[in-house]
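A.B. asks:
Residue numbers (our numbering): 1 to 86.
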């Protein structure tokens, strides 16, 4: 069974690490925007090179984004990040 550390984020916060999935929060008709850098996080973090970058994607409330994601930056709205426990 996978174990996660949950991080809540809003505003323009950036989250880095081994992100397994992300949940977009808000009311039923709300939409949030986020920039994603897909790939497996490396240690040290400065060595991380994303395999794919998606800038300012709009995500409806209640939707999940599956990883592996190494870095994400909230543009608008609020999200829950599920980080793999190392």
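Yeah, the Cβ is synthetic: ideal placement off N, Cα and C, and Gly gets one too.
Because the structure is a prediction, the values reported are computed rather than measured.
In terms of alpha-carbon separation, which member of 72, 74, 63, 69 lies closest to residue 28?
C.D. replies: The candidate whose alpha carbon is nearest that of residue 28 is 63.
A.B. asks: Between the Cα of residue 22 and those of 85, 59, 76, spot the shortest distance and give me the residue it belongs to.
C.D. replies: Among 85, 59, 76, the Cα nearest to that of residue 22 is on 59.
A.B. asks: Which residue from 37, 50, 48, 41 puts its Cα closest to that of residue 65?
C.D. replies: For residue 65, the nearest C-alpha among the options comes from 37.
A.B. asks: Given a cut-off of 8 Å, decide if residue 83 and residue 39 are closer than it, judged by their beta-carbon atoms.
C.D. replies: No, the Cβ-Cβ distance between residue 39 and residue 83 is not below 8 Å.
A.B. asks: Locate the beta strand (DSSP E) running through residue 34, then write down its first and last residues.
C.D. replies: Residues 31-38.
A.B. asks: Bridge partners of residue 60, per DSSP?
C.D. replies: Residue 60 is bridged to 31.
A.B. asks: With distances taken Cα to Cα, identify the nearest neighbour of residue 70 among 9, 57, 45.
C.D. replies: Looking at the Cα atoms, 45 is the closest of the given residues.
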